[in-house]
Amino acid sequence: MPLIARIALNRPLRRLFDYIIPEGLELTPGQRVRIPFGRQQATGLVVQVGVEPPPGITLKAVAGAMENWPALPVETFKLLSWASDYYQHPLGECLFTALPPALRRGRIAEEKKDQWWLAIDSGSTIPANAHKQKALWDWLNQRSNGAPTTDILRAGFNRAQLKALQEKQLIEVVSPARPADFNEAPELLARRPRLSEAQTSAAEQLATPDEGFSAFLLYGITGSGKTEIYLHYLKEHLGNQDQALVLVPEINLTPQTVARFQRYFGARIVVWHSALNDSERLTTWLKVRNGEPVILVGTRSAALLPFTNLRTIIVDEEHDSSYKQGEGFRYSGRDLAVYRAHLNKCPVILGSATPSLESVHNAEQAKYHLVKLEERAGNAAPPVISLLDIRSRPLEGGLSRPALNAIEQILAKGEQALVFVNRRGFAPVMMCFDCGHMVECPRCDTRLTYHRRDRAMRCHHCDYQTAATEQCPKCKSEAFKPVGQGTERTEDILATAFPDTPVVRVDRDSTQRKGSIQGILNQVNTGKPCVLVGTQMLAKGHDFPNVTLVVVVNADGGLFSVDFRAPEQLIQTLLQVSGRAGRGTKPGKVLVQTCHSDHPLLKTLCEGHYLDIADQLLKEREEGQFPPFRAMAIFRAEGDTMEKSLQVLDTIKPLANTTGIETWGPLPAMIARRADKHRAQLILNARNRKKLNSLLTGICQELDQRKLPAGVKWMIDVDPQETG
0 MPLIARIALN RPLRRLFDYI IPEGLELTPG QRVRIPFGRQ QATGLVVQVG
50 VEPPPGITLK AVAGAMENWP ALPVETFKLL SWASDYYQHP LGECLFTALP
100 PALRRGRIAE EKKDQWWLAI DSGSTIPANA HKQKALWDWL NQRSNGAPTT
150 DILRAGFNRA QLKALQEKQL IEVVSPARPA DFNEAPELLA RRPRLSEAQT
200 SAAEQLATPD EGFSAFLLYG ITGSGKTEIY LHYLKEHLGN QDQALVLVPE
250 INLTPQTVAR FQRYFGARIV VWHSALNDSE RLTTWLKVRN GEPVILVGTR
300 SAALLPFTNL RTIIVDEEHD SSYKQGEGFR YSGRDLAVYR AHLNKCPVIL
350 GSATPSLESV HNAEQAKYHL VKLEERAGNA APPVISLLDI RSRPLEGGLS
400 RPALNAIEQI LAKGEQALVF VNRRGFAPVM MCFDCGHMVE CPRCDTRLTY
450 HRRDRAMRCH HCDYQTAATE QCPKCKSEAF KPVGQGTERT EDILATAFPD
500 TPVVRVDRDS TQRKGSIQGI LNQVNTGKPC VLVGTQMLAK GHDFPNVTLV
550 VVVNADGGLF SVDFRAPEQL IQTLLQVSGR AGRGTKPGKV LVQTCHSDHP
600 LLKTLCEGHY LDIADQLLKE REEGQFPPFR AMAIFRAEGD TMEKSLQVLD
650 TIKPLANTTG IETWGPLPAM IARRADKHRA QLILNARNRK KLNSLLTGIC
700 QELDQRKLPA GVKWMIDVDP QETG
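Numbering that gives the first Met the number 0 puts the first residue of the sequence shown at 0, with every later residue one more than the last.
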């Protein structure tokens, strides 16, 4: 009787496929195989071996194994299997998420060998006019171990120059220089971050990897030096052969985090994020899978990589919503990191100045150990936060006269200011003051944002774009003006107000080019007077020692939102951006412009005690029966008409009609039409998470078997970050 393997494919299918294992071929779960699928060959991952196939089916045979070792080791396989069940996503797509794109497409799991070149003195000469060849030979001659082709090309030389020198026997291909062993760099081994008394006390409360799984919530106010604690912890407790994972929420934070970690760990630091090319991702993946003692700094998908000797996990800015994947496999990188630490029996450290309410609640329930760090590093003091009521005040680009005066005073002292505007573009709306017409996106239920630099009107939801006009498209009036403020408009106002001072804009538009964010950070870190204008990209993790003033243009957006998470996210954003002020030796000040200076949440903000605010918000969540006191999932549907979308969700609602499950909807989403798709949602709430999970599994299986109306698709979001 032949052995049968059950195999997962990288397809949106909630089923697996059985294949015969040919005689002489040994397979194990997590291994990549080639299989016939229809008229093509596909790459699959073995899920189970020795299964009983359904009777009466003729099975095809596995074509062959792609490696004789599993691409996904045991712990990684368990993690992804659990995630598939928890987030209700097809197992195949979950498993393939842990592979780099090259391996998903069927490439062999081996690193492309990079030729290593060494300069030699053979007596040959280089022609006098071959300046580039001479420069390349001199460049290589300065490197006693030679250099790889990639470094040579990156330095500005080309393959033709390499070939010419090789033909003249002035360079030769050699074996790659062996990277220095991590133990062989005494200057790195000797480096230790200096901790203050408060930091030392916090570090001593963290368990060592030898003590097995434990979760720590490191609550450290902005500027308290959480990164130094991470570095100290890894220096003290990570063995020379151990692996560690450091998660950061966004790519833009990766370069500065990597630079700080490389100072203490050198070549041991590797990175993982979506901006890497396929070869770079494969190289990093192989290092992780082969058990090299790397410390990996990466974004959320790094939590899925096949570590084999993982001893510590650190999640920086653990509250950040960027850790939740927004489409497809909708997992939380933070929550998977915690579960992964449980599987690997190692500690996980969740760090934040504004921890998520879920994490605060887990600490109160003693599921996490709360470690407090409530002093800023060095002699820095927390900034003073003041509310600036802008009712009845004239505004210039969203800025009041007191705010502009405060910026002027800061610049006169030779210091820097930061202006936080949570909207890109010049203005969120173009409106005709004669007929009232506003330009809307033809594909979404939202208005187009005016980008004056590019003379364009853009939709920030579907990327629709059209040329901007100076006349009203409807009545042809010249009274067609921008309304509201975006980063571009504020930048222009500040450039006019302070013509002798650089105004630096930081948003998604200004940082699209590779390396642009690093160039901006370098400019700011010179300490010379400037005004930073930016969106949430500026609120996260950056350290600007000479920024002593932060101005928040409008703080009212999250006060009256229908999303139950909005107040939490508002306070987190305001405290995070406020934390950019006064991180050096000079005191910091924060001005929060608002039309609701008497709002209790904003008043509490001025006192600056986040855990007190979190307790207040948790009480409101408990009264409203929202997470973390209840488990939540959202079924979303989108189709070519709203009627069809609601129709699909209407068929789900009776399936959820059971004791202990509360349903809200179905209702149109906040932005009901997006990219010409009509969107609706049905929210499920339950006190018992296991019961909800079991119900969701049954509903998903039922929906998979149903024939849906043409042009409609559905998706599920477990533990959603937004309910609009």
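Every residue, glycine too, gets a C-beta built ideally from N, C-alpha and C.
Bear in mind the structure is a predicted one, so any value in this text is a computation, not a measurement.
Here the alpha carbon of V245 sits roughly 13 Å from the alpha carbon of I228. Relative to L12, the option among P498, G526, C699, L666 whose CA is nearest is C699. Sequence-distant Cβ neighbours of D17 in its own chain, meaning closer than 6 Å and more than five residues away, are I3, R5, P52, L58. Comparing alpha-carbon positions, the option among V550, F559, E661 lying closest to R688 turns out to be E661. When rounded, the separation of the alpha-carbon atoms in G533 and F76 is 41 Å.
Looking only at L691, V418, L135, the smallest Cα-Cα distance to G659 is reached by L691. Contact check for I20 against P1 passes: the beta carbons are separated by less than 8 Å.
Listed in chain order, the non-local C-beta contacts of S278 below 7 Å within the same chain comprise K111, local neighbours out to five positions each way being set aside.
Contiguous beta strand (DSSP E) elements confined to the region 445 to 513 occur at 448 to 450, 455 to 457, 464 to 466, 479 to 482, 502 to 505, taking only those with 3 or more residues. The Cβ-Cβ distance between A7 and G91 falls below 8 Å. For V296, there is no enclosing alpha helix (DSSP H); the residue is found in the beta strand (DSSP E) stretching over 294 to 297. For R38, the secondary structure class from DSSP, reduced to helix, strand or coil, is coil. Separation of D209 and L216 (C-alpha to C-alpha, rounded to the nearest whole angstrom) is 19 Å. Per DSSP, Y86 lies in no beta strand (DSSP E) and is assigned neither H nor E.
Runs of the beta strand (DSSP E) spanning 3 or more residues and lying entirely within the region 566 to 609 occur at 588 to 593, in chain order. C-alpha of R10 to C-alpha of R422: approximately 37 Å in a straight line. Here the alpha carbon of P528 sits roughly 11 Å from the alpha carbon of F497. Here the alpha carbon of H595 sits roughly 12 Å from the alpha carbon of G557. Looking at the DSSP output, N692 bridges to nothing. Of the other Cβ atoms in all chains shown, 16 or more fall within 10 Å of the Cβ of A636; this residue is therefore buried. The alpha-carbon separation between S355 and P627 amounts to approximately 10 Å. Residue ranges of uninterrupted beta strand (DSSP E) with 3 or more members, entirely inside the region 203 to 271 and ordered along the chain, are 213 to 219, 242 to 246, 268 to 271. The alpha-carbon of W138 is positioned some 48 Å away from that of P28.
A straight line joining the alpha-carbon of L573 with that of L610 spans about 14 Å. Along the length of the region 387 to 439, whole beta strand (DSSP E) runs at least 3 residues long occupy 415 to 419, 428 to 431, reported in chain order.
Under the three-state reduction of DSSP output, L372 falls in the strand class. Under the DSSP assignment, I651 falls outside any beta strand (DSSP E), being part of the alpha helix (DSSP H) whose first and last residues are 641 to 651. Non-local C-beta neighbours of V50 in its own chain, meaning closer than 6 Å and more than five positions away in sequence, comprise I3, R5, ordered along the chain. Spatial neighbours of P72 in its own chain (CB-CB distance under 7 Å, excluding positions within 5 residues in sequence) are listed in chain order as G29, P305, T307. Shortest Cα-Cα distance from F479 to any of H436, L548, C461, A494 involves H436.
For Q680, the uninterrupted beta strand (DSSP E) run begins and ends at 676 to 685, by DSSP. Secondary structure of W116 (DSSP, three-state): strand. Checking the DSSP bridge columns, you'll see L531 partnered with L417, V503.
Annotation for R454: A466, A467 place their beta carbon closer than 7 Å to its own, counting only its chain and skipping 5 residues before and after. Sequence-distant Cβ neighbours of A668 in its own chain, meaning closer than 7 Å and more than five residues away, are R678, A679, Q680, G723.
About 6 Å separates the Cβ atoms of A340 and F212, confirming a contact at the 8 Å cut-off.
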